[in-house]
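Engineer: Handing you this structure, nothing more for now.
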Amino acid sequence: DTEVTQTPKHLVMGMTNKKSLKCEQHMGHRAMYWYKQKAKKPPELMFVYSYEKLSINESVPSRFSPECPNSSLLNLHLHALQPEDSALYLCASSTPPGQGAEPQHFGDGTRLSIL
Amino acid sequence: GENVEQHPSTLSVQEGDSAVIKCTYSDSASNYFPWYKQELGKRPQLIIDIRSNVGEKKDQRIAVTLNKTAKHFSLHITETQPEDSAVYFCAVPQGPGSGGTSYGKLTFGQGTILTVHP
Chain Z
822 DTEVTQTPKH
832 LVMGMTNKKS
842 LKCEQHMGHR
852 AMYWYKQKAK
862 KPPELMFVYS
872 YEKLSINESV
882 PSRFSPECPN
892 SSLLNLHLHA
902 LQPEDSALYL
912 CASSTPPGQG
922 AEPQHFGDGT
932 RLSIL
Chain B
66 GENVEQHPST
76 LSVQEGDSAV
86 IKCTYSDSAS
96 NYFPWYKQEL
106 GKRPQLIIDI
116 RSNVGEKKDQ
126 RIAVTLNKTA
136 KHFSLHITET
146 QPEDSAVYFC
156 AVPQGPGSGG
166 TSYGKLTFGQ
176 GTILTVHP
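Printed below as a string of structure tokens:
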């Protein structure tokens, strides 16, 4: 069972389009994450939200814009992407890190293709 | 930042054999060590984790051992089955030395492709 739900599962968009990826969890977690994963590579952290506030931005280009409207939802707004942005985008959630890290649970991801 | 090295990059075993994957890390302050399994086209799935106050943790056929002095931890799979075939990633969080703001940051190893032959 996937407790972190991501939509859409697949997305094809042109470089001039604007689209959004969505992530939802109902585990009561107050930390949510966006990762990017290229084929045959490990996930790379993009953003971390803790208690609905952005706590980590890994120097991600501004064409990626995260948003956390409430404790259950996380969005990633996409605009003017490049072909190299094609990847699997994974959302994860956890209890907020306190004095140490907490287990992160991943969604199934959105496979994004930029034409 | 954290430097994580994972070996081997590929591992091929016969069904019933054991498999061991090892990760080394650089930040001695790290205190939590998860392992993820990712099947083709699927999400990374947390399969086992260990905290620095214990040296070993076991869950059925899967175990993780931790050597904090040497800064390495290993995944052990016994009695392997074809359904264990997947990519396995270790991960290490940013330690407390950064002031606490990077606790959510996981650095992943490069992954091990495990193939279990029937």
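Heads up: the sequence lines are chains Z and B, in that order. Position 75 (the first sequence) corresponds to 896 in the working numbering; numbering is contiguous. Position 85 (the second sequence) corresponds to 150 in the working numbering; numbering is contiguous. We put the CB at the ideal spot given by N, CA and C, even for glycine.
Residues in the same chain with beta-carbon distance under 6 Å from B/V157, minus the five sequence neighbours each way, listed in chain order, please.
Structural biologist: These residues qualify, in order along the chain: E67, V69, Y90, S95 and T172.
Engineer: With DSSP collapsed to three states, give me the class of Z/P887.
Structural biologist: It is a strand residue.
Engineer: Mind listing the chain B neighbours of Z/G930? Cutoff is C-beta to C-beta under 8 Å, in chain order.
Structural biologist: Chain B residues near Z/G930: R108.
Engineer: Alpha carbon to alpha carbon, what distance is there between Z/Y910 and Z/H847?
Structural biologist: Going from the Cα of Z/H847 to the Cα of Z/Y910 covers about 20 Å.
Engineer: Name the residues in the segment 107-136 of chain B whose C-beta lies less than 8 Å from a C-beta of chain Z; which are they?
Structural biologist: Listed in sequence order: K107, R108, P109, Q110, L111, D114 and R116.
Engineer: Please state whether DSSP places B/D124 in a helix, a strand or coil.
Structural biologist: It is a strand residue.
Engineer: Sorted by chain position, which residues of the same chain lie with C-beta nearer than 7 Å to Z/A908's C-beta, five sequence neighbours on each side aside?
Structural biologist: Cβ neighbours of Z/A908 beyond the five flanking positions: K857, Q858, K859 and L933.
Engineer: Quick one: what's Z/S893 bridged to in DSSP?
Structural biologist: Beta-bridge pairing links Z/S893 to no other residue.
Engineer: May I ask you to list the residues that DSSP assigns as paired with B/Y90?
Structural biologist: Answer by DSSP bridge pairing, in chain order: B/V69.
Engineer: Beta strand (DSSP E) containing Z/H831: first to last residue?
Structural biologist: First-last of the beta strand (DSSP E) with Z/H831: H831 to M834.
Engineer: Is Z/E879 closer than 8 Å to Z/L866 when the C-beta atoms are compared?
Structural biologist: Cβ atoms of Z/L866 and Z/E879: closer than 8 Å.
Engineer: For chain Z, find out if any of its Cβ atoms is closer than 8 Å to the Cβ of B/P158; answer yes or no.
Structural biologist: B/P158 counts as touching chain Z.
Engineer: On the premise that B/K102 lies in contact with B/I112, defined as a C-beta separation below 8 Å, what is that separation, rounded to the nearest angstrom?
Structural biologist: With a Cβ gap of about 5 Å, B/I112 and B/K102 count as contacting.
Engineer: Between which two residues does the beta strand (DSSP E) harbouring B/R116 extend?
Structural biologist: From DSSP, the beta strand (DSSP E) with B/R116 extends over Q110 to R116.
Engineer: Indicate the three-state DSSP secondary structure (helix, strand or coil) for B/E148 in the structure shown.
Structural biologist: The answer is helix: DSSP assigns B/E148 an H, G or I state.
Engineer: Apply the 10 Å Cβ neighbour rule to B/L105 and answer buried if 16 or more other Cβ atoms are within range, or exposed otherwise.
Structural biologist: Exposed, by the Cβ-count rule.
Engineer: Once you ignore the five residues that flank B/T180 on each side, which residues in its own chain have a CB closer than 8 Å to its CB?
Structural biologist: Correct list, in chain order: T75, L76, S77, V78 and S150.
Engineer: Taking the C-alpha atoms as reference points, what is the distance between B/T166 and Z/S876?
Structural biologist: Here B/T166 scores only 49 on pLDDT, less than 50, and its place in the model is too uncertain to base an answer on.
Engineer: For Z/E923 and Z/S886, I'd like the C-alpha separation in whole angstroms.
Structural biologist: Cα to Cα, the separation comes out at about 25 Å.
Engineer: For chain Z, find out if any of its Cβ atoms is closer than 8 Å to the Cβ of B/N68; answer yes or no.
Structural biologist: No, B/N68 does not count as interfacial toward chain Z.
Engineer: When DSSP builds the beta bridges, which residues end up paired with B/T75?
Structural biologist: In the DSSP output, where bridge partners are listed per residue, B/T75 has B/I178.
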